[in-house]
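Here the structure is laid out as structure tokens; the discussion comes afterwards.
There are 2 protein chains.
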Amino acid sequence: MGGVSGVSGVSTEPADADPRRDEVAARVLLARLGEPGDVRLGERVRREGATATVAQILRGDAAVGGLSTYQARLPADTDVVAVVAADVERLQRVDAVLVVPGTSDWPTQLDDLGDAAPLLLSVRGAAHLRMSALRAVSIVGARASTQYGDLVAGELAAGLAERGWTVVSGGAFGIDAAAHRGAIAAGGSSVAVLAGGVDVAYPRAHEALFARLLDEGLLIAESPPGSAPHRSRFLVRNRVIAALTRGTVVVEAALRSGSLSTARHARDLDRVVMGVPGPVTSTMSAGVHRELREGALLVSSVAEVIEAVAGIGVDLAPRASGPTRPRDDLDATSVRVLDAVPARRAADTAAVSRTAGVDVATTIATLGLLELAGFVTRDPDGWRLAAQGRT
Amino acid sequence: MGGVSGVSGVSTEPADADPRRDEVAARVLLARLGEPGDVRLGERVRREGATATVAQILRGDAAVGGLSTYQARLPADTDVVAVVAADVERLQRVDAVLVVPGTSDWPTQLDDLGDAAPLLLSVRGAAHLRMSALRAVSIVGARASTQYGDLVAGELAAGLAERGWTVVSGGAFGIDAAAHRGAIAAGGSSVAVLAGGVDVAYPRAHEALFARLLDEGLLIAESPPGSAPHRSRFLVRNRVIAALTRGTVVVEAALRSGSLSTARHARDLDRVVMGVPGPVTSTMSAGVHRELREGALLVSSVAEVIEAVAGIGVDLAPRASGPTRPRDDLDATSVRVLDAVPARRAADTAAVSRTAGVDVATTIATLGLLELAGFVTRDPDGWRLAAQGRT
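Going down the list, the sequences are from chains B and X.
Just so we're aligned, residue 902 is where the first sequence starts under the working numbering, counting upward by one.
Just so we're aligned, residue 902 is where the second sequence starts under the working numbering, counting upward by one.
See below:
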């Protein structure tokens, strides 16, 4: 891959290669030298470019913050060209493509992460990342989820998929897996953001699920191929899940669940933070309930999720309403009087009394009662139906 | 009872009796002529007094709005003295006392209802209504509650009772009964606001429960003795439950549950409206979830309820926190570096590196990671623990 020769362009020789490929190759190398979300490295790359940053590290430029960290991962005698070539080859073996910022395949939502944005993404699968990210919602939650959590995560994911939304999550047991399975089952596309290398199936038990995601969706990762998913990387990875989507739904989470960090990143990024409530007797819902107490939006249906993440006024969810009407709580006379109050205009007491076929005195008393109960309102023109009184 | 002779004071004879007793007797009569929450009647009584209002009705004063309604319930030849005497006697038979506004036994919270406030209350039981209402919370919900709802209602009520709070609810099956039982079981006092007469055990199956409330708490009603609990009266009764307490907790409610009207009254009265979430798959929680989406406070523990209704800064509930700490998600090095960041002051990188016994380069990289993950923050003085990093 040209990017490999491109790296030689950051050596002392004149840069003869395509600078874009140099840039990609340099990012491949930097992804290996730094940790995901390294803001100091991100800032330097933004200011000086990846190629120049690599050159500075190679020549031991003291101006590079944390230089020793990067050098520690790149012994002096290392052939950087070979390092890049090896990674590129590993990615090619699993049909992964490299996507870097500023290209037509890059999901620009990730730019909201600023200097903490991934240097590049390794992408595998049938779907188109940038297109998929246009209407995407992340569904995250506990690994040790309950049947209830798995059920709800799967149904939300399926409902989103049916309506053309992409589901984004991690690759873990529990809610992550339930969400992917729900989206795929509904014929939608699902994206798993992995904490390790895009070629590393973790957990192993999810090899089959990941294989399905390759056919129906995507596997993406910012860590170099072969990287093990350290625990700390899961927390850092969560910022990508949050940034990639318009909103994050936490389905089940214990009070200390790592999935809550996705919600926090979503909030920091001005994404919509949603939570699915559960029994207060379930420790797996305690973390979600705390989020809901602290400002997250309670969602109990796909429609409510879509209303929250869709554009203003788009896909508004119907206000939840039951099969019966409040007037079912009223006695026969009250219902007759209530039904006699016109829907759109006001009517005086005599008119309501006539329409209802109820004597004026009873009509007056009943209207007063209906007013107190919030079914009707009184204004200078007479009686009107209050919101609650309508159908 | 003197109040009886007092009513003669509203006849043509000179008022020779104690005007306070006249007033009580007049309210006993008006409670029978009007429906609970009749704002027109309440306004007139406020402006002119109960005795004068009775006199106006007796003499057929056309200035009385809805006069015919009241007269319909009081045929011309009726002996009002006998009517009052009969009600007073029925109340005495069940050891009920009459409590009217402006007296030392009146719970002044009810004055917030303005002209919709009860004209008087019939009170039975061992507790003192006004004292009980000082620290009271209402727990309401569905009649057709689930085991989950009954369990939570009972535990919340017990927890409130243990902390010296009075529980207020209706007398219905389901959540109402579960709340009363929980409060009583914890040795606390519970108040049932009945929609019918205070001497009417409705539902019949709750006779034993009501008997226990007489020993441990109170039964109160605004309707005259013997009154049947019409459906419409339940909705109107709910305003008393809401007004009597600092906050209303809805435990389970279908979308059209009448218990939601208690929440609406509580909101209108600037009381705290709280809701206990449940599975989104349960129709019995759908009404609560809608309330939570529309501004009610999610509560999942007694402490959270008390924090919401207690005075500012009083009885603050501990922020829900689990047995493990977020740092449990970090690798060994990160934990060492995080532990090396002082709790109350800032420390520069070198100091953290020394304390942690981790080389500077790794320390720098790790701190950057911890910052991204929200454990530490950086300021001109160096590194500090972020909220999430503490304990």
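Glycine included, C-beta positions come from ideal geometry on N, C-alpha and C.
All values derive from a computational prediction rather than experimental measurement.
Could you give the distance in angstroms between the alpha-carbon of V1099/B and the alpha-carbon of E1123/B?
Cα to Cα, V1099/B sits roughly 8 Å from E1123/B.
Report yes if the CB atom of E1153/X is closer than 8 Å to the CB atom of A1043/X, and no otherwise.
Taking C-beta atoms as the reference points, E1153/X and A1043/X count as a pair closer than 8 Å.
Beta strand (DSSP E) containing L1161/B: first to last residue?
That residue, L1161/B, is in no beta strand (DSSP E); its alpha helix (DSSP H) goes 1160-1169.
At least one CB of chain X closer than 8 Å to the CB of G1131/B: is that the case?
One detail in the question is off: residue 1131/B reads as His in this sequence, not Gly. H1131/B counts as touching chain X.
Quick check on the DSSP output: what are the complete beta strand (DSSP E) runs of length 3 or more inside the region 1028-1110 of chain B, in order along the chain?
As far as the region 1028-1110 of chain B is concerned, its whole beta strand (DSSP E) runs of at least 3 residues are 1037-1041, 1067-1070, 1091-1098.
Taking beta-carbon pairs under 9 Å, can you tell me which members of the region 1164-1182 of chain B lie near chain X?
For the region 1164-1182 of chain B, which is checked against every Cβ of chain X, the residues closer than 9 Å are R1165, H1166, D1169, V1177, P1178, G1179, P1180, V1181, T1182.
From T1184/X to G1179/B, what does the alpha carbon distance come to, in whole angstroms?
Straight across, the Cα-Cα distance linking T1184/X with G1179/B is about 13 Å.
Is T954/B close to chain X? Criterion is C-beta to C-beta, closer than 8 Å.
Judged by the 8 Å Cβ criterion, T954/B is not in contact with chain X.
Could you tell me which of G1075/X, S1090/X, V1000/X, V1041/X sits nearest to R1064/X, measuring between CA atoms?
The closest CA to that of R1064/X, considering only G1075/X, S1090/X, V1000/X, V1041/X, is found on S1090/X.
Are the CB atoms of V1174/B and A1197/B within a distance shorter than 8 Å?
Yes, these two residues count as a Cβ contact at 8 Å.
Could you compute how far the alpha carbon of L1035/X sits from the alpha carbon of P1243/B?
Rounded to the nearest whole angstrom, the CA to CA distance from L1035/X to P1243/B is 43 Å.
Terminal residues of the alpha helix (DSSP H) in which E1208/B lies:
That run of the alpha helix (DSSP H) goes 1203-1210.
I1207/B versus Y971/B: straight-line alpha-carbon distance, rounded:
So the two alpha carbons sit approximately 43 Å from each other.
Please list, in chain order, all residues of the same chain as A1018/B whose beta carbon is under 7 Å from its beta carbon, the five residues on each side excluded.
Close CB contacts of A1018/B within its chain, under the 7 Å cut and outside five residues either way in sequence, are with G943, P1002, L1011, D1012 (chain order).
Closer than 8 Å by beta-carbon distance: list the chain X residues that pair up with V1261/B, in chain order.
Chain X residues near V1261/B: S969.
Do R1113/X and L1156/X have their C-beta atoms within less than 8 Å of each other?
Taking a C-beta distance under 8 Å as the contact criterion, R1113/X and L1156/X do not qualify as a contact pair.
Taking only beta carbons into account, state which residues of the region 932-953 of chain X come closer than 7 Å to chain B, listed in chain order.
The region 932-953 of chain X vs chain B, Cβ under 7 Å: E936, G938, D939, V940, R941.
Cβ separation of D1240/X and H1131/B, assumed to be a contact under 8 Å, to the nearest whole Å
That belief does not hold up - the Cβ atoms of D1240/X and H1131/B are roughly 18 Å apart, past 8 Å.
Let me make sure I understand the geometry here. Which of G1127/B, S1039/B, Y1049/B has the alpha-carbon closest to that of V1378/B?
Beyond the ends of chain B as shown, which are 902 and 1292, falls residue 1378/B; an answer cannot be given.
Using 8 Å as the threshold, is the C-beta distance between V1210/X and G1269/B below it?
Contact check for V1210/X against G1269/B fails: the beta carbons are separated by 8 Å or more.
Taking the C-alpha atoms as reference points, what is the distance between T1256/X and R1237/X?
In this model, T1256/X and R1237/X are separated by some 9 Å (Cα to Cα).
Please report the residue range of the alpha helix (DSSP H) in which E1123/X lies.
Per DSSP, E1123/X belongs to no alpha helix (DSSP H); it is in the beta strand (DSSP E), 1119-1124.
Expressed to the nearest angstrom, what Euclidean distance is found between the alpha-carbon atoms of V908/X and T954/X?
Low confidence applies here, because V908/X scores a pLDDT of 39, under 50, leaving its location unreliable; read the following figure in that light. Near 12 Å, if we compare the C-alpha coordinates of T954/X and V908/X.
Assess, as a yes-or-no matter, whether the region 1068-1085 of chain B is touched by the region 992-1002 of chain B under the definition of 3 or more beta carbon pairs within less than 8 Å.
With the cut-off at 8 Å, the region 992-1002 of chain B and the region 1068-1085 of chain B do not touch.
Put A1266/B into one of helix, strand or coil per three-state DSSP.
Judged by DSSP in its simplified three-state form, A1266/B adopts helix.
Same chain, Cβ closer than 7 Å to P1224/B, neighbours up to 5 away in sequence not counted
Residue placement at P1224/B is flagged as unreliable, the pLDDT there being 45, under the threshold of 50; a coordinate-derived value is accordingly withheld.
Nearest-angstrom Cβ-Cβ length linking V1150/B and S1128/B, presumed shorter than 8 Å:
No, V1150/B and S1128/B are not in contact; Cβ-Cβ is about 28 Å, not under 8 Å.
How about the region 1020-1030 of chain B and the region 954-969 of chain B: do they share at least three Cβ pairs that are nearer than 8 Å?
Because the criterion of three Cβ pairs below 8 Å is not met, the region 1020-1030 of chain B and the region 954-969 of chain B do not touch.
Near-chain X residues of the region 1045-1056 of chain B - C-beta to any C-beta below 8 Å:
So the list reads Y1049, L1052, V1053, given in the order they occur along the chain.
Less than 8 Å between the C-beta atoms of A1274/B and S1160/X, yes or no?
Not closer than 8 Å, so no.
Which value, in whole angstroms, describes the spacing of the CA atoms of R933/B and V1137/B?
Taking the straight line from one Cα to the other gives about 16 Å.
Can you check whether the CB of T1264/B is closer than 8 Å to the CB of T1250/B?
In this structure, T1250/B places its C-beta atom within 8 Å of the C-beta atom of T1264/B.
Please name the residues in the region 1068-1080 of chain X whose beta-carbon is closer than 9 Å to at least one beta-carbon of chain B, in chain order.
Answer set for the region 1068-1080 of chain X: empty.
Is V1137/B close to chain X, meaning its C-beta is less than 8 Å from at least one C-beta of that chain?
Chain X, which has a Cβ nearer than 8 Å to the Cβ of V1137/B, makes this yes.
Run of the alpha helix (DSSP H) containing L968/B, from where it starts to where it stops:
Per DSSP, L968/B belongs to the alpha helix (DSSP H) from 968-973.
Compare the beta carbon distance of A1084/B and A1062/B with 8 Å and say whether it is the shorter of the two.
It is a contact, given that the beta carbons lie within the stated cut-off.
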